[in-house]
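Peer 1:
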Amino acid sequence: MSVNEVQKALPPTPLVIKGSTYQSQTFAIGDEDHTLGNSLRHVLMNSLSDVEFAGYSVPHPSEPVLQLRIQHTKGSTKKVAQSLVESCGTLGDLCDIVKGSVETRTGIPDDEMKA
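Take the sequence shown: its position 29, counting from 1, is numbered 1444 in the working numbering, and each next residue is one higher.
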């Protein structure tokens, strides 16, 4: 076993929310990386009209924490956390569409893919 194969078990990082509720907030999401960050950023920017800015960073590869920043347009009455919840739902719907397409084209039903 090489040194690179040894990984220290890190305690789970909870969701931490920083900032106001209407204009902008930063969400620190534990145990996530660029995969979720870029997907959420894309959905936030392209499908929600209240979102003026969405960006993310993963401060260091050894710390599995995703920092997601969301900023609303001035005058928005929707809470920033509501935009995050909506974008998670949209992302889930997109994943269901891709999954259904894969199942249709391969002929493999969902219960066989899990095995």
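Note that beta-carbon positions come from the ideal geometry of N, C-alpha and C, so glycine has one too. The structure presented is a predicted model; accordingly, all values stated were derived computationally and were not measured.
Under the three-state reduction of DSSP, which class applies to residue 1416: helix, strand or coil?
Peer 2: In this prediction, residue 1416 scores a pLDDT of 49, lower than 50, which makes its location untrustworthy; the coordinate-derived value is nonetheless stated afterwards. Coil.
Peer 1: For residue 1430, which residues in the same chain have their Cβ closer than 8 Å to its Cβ, ignoring the five residues on either side in sequence?
Peer 2: 1442, 1443, 1444, 1445
Peer 1: What residue does the alpha helix (DSSP H) around residue 1519 start on, and which one ends it?
Peer 2: 1495–1521
Peer 1: Give the secondary structure of residue 1439 by DSSP, where H, G and I count as helix, E and B as strand, and everything else as coil.
Peer 2: strand
Peer 1: So, for residue 1433: in the same chain, excluding its five sequence neighbours on each side, which residues have a beta-carbon less than 6 Å away from its beta-carbon?
Peer 2: 1441
Peer 1: Measuring only the C-alpha atoms, how far is residue 1496 from residue 1484?
Peer 2: Rounded to whole angstroms, residue 1496 to residue 1484 spans 11 Å at the Cα level.
Peer 1: By the DSSP assignment, the alpha helix (DSSP H) with residue 1458 in it spans what residues?
Peer 2: 1449–1462
Peer 1: CB-CB under 6 Å to residue 1505, same chain, minus the five flanking residues each way: which ones, in chain order?
Peer 2: 1458, 1462
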